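In numbering that gives the first Met the number 0, the protein residues as written are 0 to 258. First the structure, in the form of structure tokens, and then the observations on it.
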Amino acid sequence: MNTITSLPEARDFVAQFRNGSYRNIVALTGAGISTESGIPDFRSPGGIWSKRQPVQYQDFVADEASRLEDWDRRFEMLDFFEKAEPNAAHLALTRLAKSDALTCLITQNVDGLHQRAGFPEVRLIEIHGNSTFAQCLECGTRAELDDQRRKVEVGDSPRCRACGGLLKAAVISFGQQMPERALHHAARAAQECDLFLVLGSSLVVHPAAQLPAVAVKAGADLVILNAEETPLDSLASTVIRTPLAQTFADFGEELPEFP
């Protein structure tokens with residue numbers, strides 16, 4: 000395993016992703032790609048989850064007080080998300096997709112920064128959902144979070160205008176079933192790629208943490224870009240420890256627009 004800790008060496012290494020050496024790149028991103036955009040890692044010590052216990056899905060469905068608590072923290076997180084801007088690492092992945100080198104991006108993040116960086120939705124799998132908007136638990140109708148603030152402030156759970164069902168942030172909550180279709184798509188992409196990139200994920204949250212091993216077993220190269228060690232470092236051909244935004248700061252000229 001090759002370990003890179005020098006920023007110039009890291010920049011030289013990632014430049015190869017644009018030269019056509021790999022024809023089917025799949026990437027997995029975690030909280031570490033967004034911390035340099037100003038979004039805290041909510042799971043880390045001092046993060047929101049260490050101060051306020053997450054609301055379980057079953058409690059959200061059954062209890063009004065739990066629903067209001069969950070809405071309150073979603074608004075708190077949304078304030079972080081709206082102040083943040085995509086960084087050079089987000090933009091680099093968009094450029095790779097526009098060049099057709101990156102065929103699939105699987106993200107554990109719920110902050111919507113990949114979309115704001117212009118990443119094509121057709122190639123994006125949000126395996127943990129998205130916390131920047133809401134959906135009806137009954138009919139799936141989308142609703143904007145800001146439109147629900149006044150309702151929550153007076154102590155009422157927001158309801159769907161279409162069917163009256165409960166609205167909930169479109170994130171996968173603790174205890175909620177993972178999206179089977181998205182998981183199947185992600186696993187298939189991992190099996191078919193020739194390079195699997197991990198950017199800013201500790202690789203301890205399953206099932207996403209299993210995907211790099213799936214890719215390696217199918218014959219792909221694995222490159223992990225993460226500040227700290229991960230349980231799968233030994234499977235990687237190269238591990239890069241430098242800050243992601245700085246690593247991709249000089250990634251190259253803007254590539255053609257995605258069709």
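Just so you know, even glycine gets a beta-carbon here, dropped at the ideal spot from N, CA and C. Here the structure is a predicted model, which is why all the values come from computation and not from measurement.
Here DSSP, grouped into helix, strand and coil, assigns I171 to coil. Leaving aside the five residues that flank L221 on each side, the residues in its chain whose CB is nearer than 7 Å to its CB run, in chain order, F195, P211, A214, V215, L234, A235, S236. Here the stretch 192-208 does not lie against the stretch 134-149, with fewer than 3 beta-carbon pairs under 8 Å apart.
Remark: three or more beta-carbon pairs, one from each stretch, lie closer than 8 Å, so the stretch 96-109 and the stretch 22-31 are flagged as touching. E63 and L6 have their C-alpha atoms roughly 50 Å apart. In the three-state reduction of the DSSP assignment, F132 falls in the strand class.
Going by beta carbons, F247 and A87 fall inside the 8 Å limit.
Here the alpha carbons of Q52 and R72 stand approximately 10 Å from one another. With a minimum length of 3 residues, the unbroken runs of beta strand (DSSP E) contained wholly in the stretch 81-114 fall at 101-106. With 16 or more other CB atoms across the displayed protein chains lying within 10 angstroms of its CB, E125 is buried. In this structure, F74 is the residue among F74, D40, A208, A244 with its C-alpha nearest to the C-alpha of A169.
Here DSSP, grouped into helix, strand and coil, assigns I124 to strand. Taking one beta carbon from each stretch, the stretch 11-25 and the stretch 91-105 have 3 or more pairs nearer than 8 Å; the two touch. Ranked by Cα distance from L95, the first of Q190, G128, P119 is P119. Nearest Cα to F16 within the set D69, A208, Q175, D99: D99.
Within the same chain, Cβ atoms closer than 8 Å to the Cβ of M177 are found at I126, I171, P206, the five residues on either side in sequence being excluded.
Counting C-beta atoms within 10 angstroms of its own C-beta, F173 has fewer than 16 neighbours from the protein chains shown and is therefore classed as exposed.
For D11, the uninterrupted alpha helix (DSSP H) run begins and ends at 6-13, by DSSP. Its Cα nearest to that of S130, the residue K167 stands out among K167, A83, A61, A219. Straight-line spacing of the CA atoms in V60 and G139 works out to 15 Å. Closest in C-alpha terms to S156, from the list D69, E228, T34, comes D69.
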